[in-house]
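Residues in the sequence shown are numbered from 20 upward in steps of one, following this note's numbering. One structure is given below, encoded as structure tokens.
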Amino acid sequence: KGAYFICNDQNIGILTRRTFPLSSDEILIPMAPDLRCFLPDRTNRLSALHQPQIRNAIWKLARKKQNCLVKETFSSKFEKTRRNEYQRFLKKGGSVKSVADCSSDELTHIFIELFRSRFGNTSSCYPADNLANFFSQLHHLLFGHILYIEGIPCAFDIVLKSESQMNVYFDVSNGAIKNEFRPLSPGSILMWLNINRARHYCQERQKKLLFSIGILKPEWEYKRMWSTPYFTGKSIC
């Protein structure tokens, strides 16, 4: 039961997140802030931002799914730690490049290489053709950086940006790092750089920042360091 989108007349929507780097952690509907309504469909992934708006939804009772939105501010100690990590990274030959400056083929090659380094044979990467098509078609929505050590890619998070008149939503759908550089904390540095860049982007445009790093699972407790988990809502109809 239910509905899903299709692509090129092929019924791939329901499985798209398995073959393309897309997330389905929460649903954020383009609604006016003062609108109050009933949602005429069922879902259990409503964004917590809709809690005051959608009347036929529950947000706490028997809810398990939680989506992580980056905190508005971090402690001075946290910020200092990240700056020190970044300076150590640069001294070890680290450099930073914007994803906007990379071609679709470059992004595909980098992500596959880092994904295999991170997961080995424990998880299958997306098909190369799908990744190339994804990066090509959605290049204008990509956001953030890629980290390098002496010219070798070491960390890349796929961040998609969606913008409205009031908000900018950033979604980290997947990411990968080169295992041999883990002692330099490239994943943490990359997250910090991407969040800071997103903040500046929103401040310049006087828009609200919404930065999702995905669902919370027991094995992903590190996300609490960066974010606040919110229960997603379930609509009843």
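Ideal Cβ placement from N, Cα and C applies to all residues, glycine included.
Simplified DSSP assignment, three categories, for residue i
i	result
L123	Looking at the sequence provided, one finds Ser at residue 123 rather than Leu. Residue state, collapsed to three classes: helix.
P205	helix
I48	coil
N152	helix
I131	helix
F200	helix
L212	helix
K227	strand
K242	helix
C144	coil
Y23	Note on Y23: pLDDT 46, under 50, position unreliable in the model; the coordinate value appears next. In the structure shown, Y23 sits in coil (DSSP, three-state: anything other than H, G, I, E or B).
K96	helix
S192	strand
F39	coil
Of the listed residues the options, nearest to residue i (C-alpha basis)
i	options	result
K83	R74, F93, S207 and L65	L65
F200	W239, Y220, L166 and L229	L166
C144	A51, M50, G194 and L209	G194
Q156	E238, L229 and S122	S122
P172	D148, P146, K116 and R218	K116
E125	A151, N63, K253 and W239	A151
S160	V178, Y220 and K96	Per the sequence shown, residue 160 should be read as Leu rather than Ser. L160 has its Cα closest to that of V178, out of V178, Y220 and K96.
N37	F130, R55, A81 and N149	One detail in the question is off: residue 37 reads as Arg in this sequence, not Asn. Of F130, R55, A81 and N149, the residue nearest in Cα terms is N149.
W211	I48, N75, L80 and Q106	Q106
I255	P49, R74 and I48	R74
P40	P237, C221 and H158	H158
C87	A119, W78 and E45	E45
G206	I232, L54 and E223	I232
Nonlocal neighbours in the same chain, by C-beta distance under 6 Å from residue i, ignoring five residues either side
i	result
E169	G112
A22	Since pLDDT at A22 reaches only 46, below the 50 mark, its modelled position is unreliable, and the value read off the structure follows with that caveat. There are no such residues.
Expected contact under 8 Å - CB spacing of residue i and residue j to nearest Å
i	j	result
T127	F162	17 Å between Cβ atoms; not a contact.
F250	Q85	6 Å
S43	D190	So it is not a contact: roughly 10 Å between Cβ atoms.
L235	P248	5 Å
is_contact[residue i, chain C] using C-beta, thresh 8 Å
i	result
S207	No chain C is present in this structure, which holds just one protein chain.
Residues near residue i in its chain [Cβ-Cβ closer than 7 Å; skip 5 each side]
i	result
F175	I129, F130, L133, I165, G194 and A195
P49	S183
K20	Confidence in K20 is poor, its pLDDT being 34 and thus under 50, which makes the residue's placement unreliable; the coordinate value appears in the next sentence. Nothing meets the Cβ criterion.
N63	K84, T251 and K253
Cβ-based neighbour list, residue i, same chain, cut-off 8 Å, excluding 5 preceding and 5 following
i	result
A76	L58, L65, H69, Q70, G252, K253, S254 and I255
* To do: Examine the Cβ distances between the segment 238-253 and the segment 127-141 and report whether three or more of them are shorter than 8 Å.
  => no
* Mind the definition here: the segment 178-186 touches the segment 139-152 only if three or more C-beta pairs lie below 8 Å; say whether that holds. => For the pair of segments examined, the segment 178-186 was found not to touch the segment 139-152: the number of CB pairs separated by less than 8 Å stays below three.
* Asked: At a cut of 8 Å, does the segment 52-60 reach the segment 202-220 through at least three beta carbon pairs?
  -> no
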